[in-house]
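Engineer: Going by the UniProt record's numbering, the sequence shown wraps up at 76, each residue one higher than the last. Heads up, the beta-carbon is just placed ideally off N, CA and C, and yes, glycines get one too. Here the structure is a predicted model, which means the values were calculated and not measured.
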Amino acid sequence: VRFFKFDVGSATANQAMVVYAKPDKMEIEAEIVLHIGHLGAMTIATNMAGHETDIIVGGDAEFMPRLKLRKMLMPR
Numbered sequence: 001v002r003f004f005k006f007d008v009g010s011a012t013a014n015q016a017m018v019v020y021a022k023p024d025k026m027e028i029e030a031e032i033v034l035h036i037g038h039l040g041a042m043t044i045a046t047n048m049a050g051h052e053t054d055i056i057v058g059g060d061a062e063f064m065p066r067l068k069l070r071k072m073l074m075p076r
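1) Would you mind working out which of Pro23, Glu27 and Tyr20 sits nearest residue 105, comparing C-alpha positions?
2) Is DSSP giving Met74 helix, strand or coil here?
3) For Phe4, count neighbouring C-beta atoms within 10 Å of its own C-beta (all shown protein chains included) and say buried if the count is 16 or more, exposed if not.
4) State the Cα-Cα distance for the pair Met74 and His35, rounded to the nearest angstrom.
5) Should Val18 be labelled buried (16 or more other beta-carbon atoms within 10 Å of its own) or exposed?
6) Between the beta-carbon of Glu29 and the beta-carbon of Leu67, is there less than 8 Å?
7) Quick one: what's got a C-beta closer than 8 Å to Met64's C-beta in the same chain, skipping five residues either side?
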């Protein structure tokens with residue numbers, strides 16, 4: 001997963017995330033996919049994005065609270 005800043009016209013994105021679909025990065029890439037469709041987010045996909053993956057636009061309402069709690073209790 002790569003993180004970088006970029007400009008699109010007059011709008012500036014704070015952060016961009018690139019998903020490579022590598023088996024050793026599944027956990028962090030699944031977390032990135034959870035944020036697709038959130039307010040202020042822009043998603044650009046190739047034909048490989050979501051390959052064998054269910055992408056729930058707007059996030060997974062059941063998983064998001066667990067993810068937030070895990071981040072609070074077990075910071076990296």
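Structural biologist: So, from the data block:
1) With the chain represented from 1 up to 76, any question about residue 105 goes unanswered, as that position is not in the structure.
2) coil
3) Bear in mind that a pLDDT of 48 at Phe4, under 50, signals an unreliable position, so the number given afterwards is only what the model happens to contain. Its Cβ having fewer than 16 others within 10 Å, Phe4 is exposed.
4) 20 Å
5) exposed
6) no
7) Leu34
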